[in-house]
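1 is the number of the first residue of the sequence shown in our numbering; add one for each residue after it.
Even glycine gets a Cβ: it sits at the ideal position worked out from N, Cα and C.
Remember, predicted model here, so these are calculated numbers, not experimental data.
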Amino acid sequence: MKSIYLTALTHPLHTATLALAVAAGLCAAWWLFPIGIVLWLIMVINIVRDPSTKTQPP
1 MKSIYLTALT HPLHTATLAL AVAAGLCAAW WLFPIGIVLW LIMVINIVRD PSTKTQPP
């Protein structure tokens, strides 16, 4: 079973958000990068703390 942290980090929406944050920070405006990183961290923490993603003991 994969770790909940690995699942949250490799979620397609989360990786797309991280890639867009890096691209926007490099190409459009430098201040978009920290905002994108903060939003990405919020999404990852949300998945990690979600009770429905916790493994149930056998």
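Alpha-carbon spacing of I35 relative to G25, whole angstroms: The alpha-carbon atoms of I35 and G25 are separated by roughly 9 angstroms.
Buried or exposed (CB count within 10 angstroms, at least 16 for buried), W31: W31 comes out exposed.
Coarse secondary structure for A8, derived from DSSP in three states: In the three-state reduction of the DSSP assignment, A8 falls in the helix class.
Cβ pair T53, T7 closer than 9 angstroms: Closer than 9 angstroms, so yes.
Pair within 9 angstroms by beta-carbon distance, T10 and L39: No, Cβ-Cβ distance for T10 and L39 is not below 9 angstroms.
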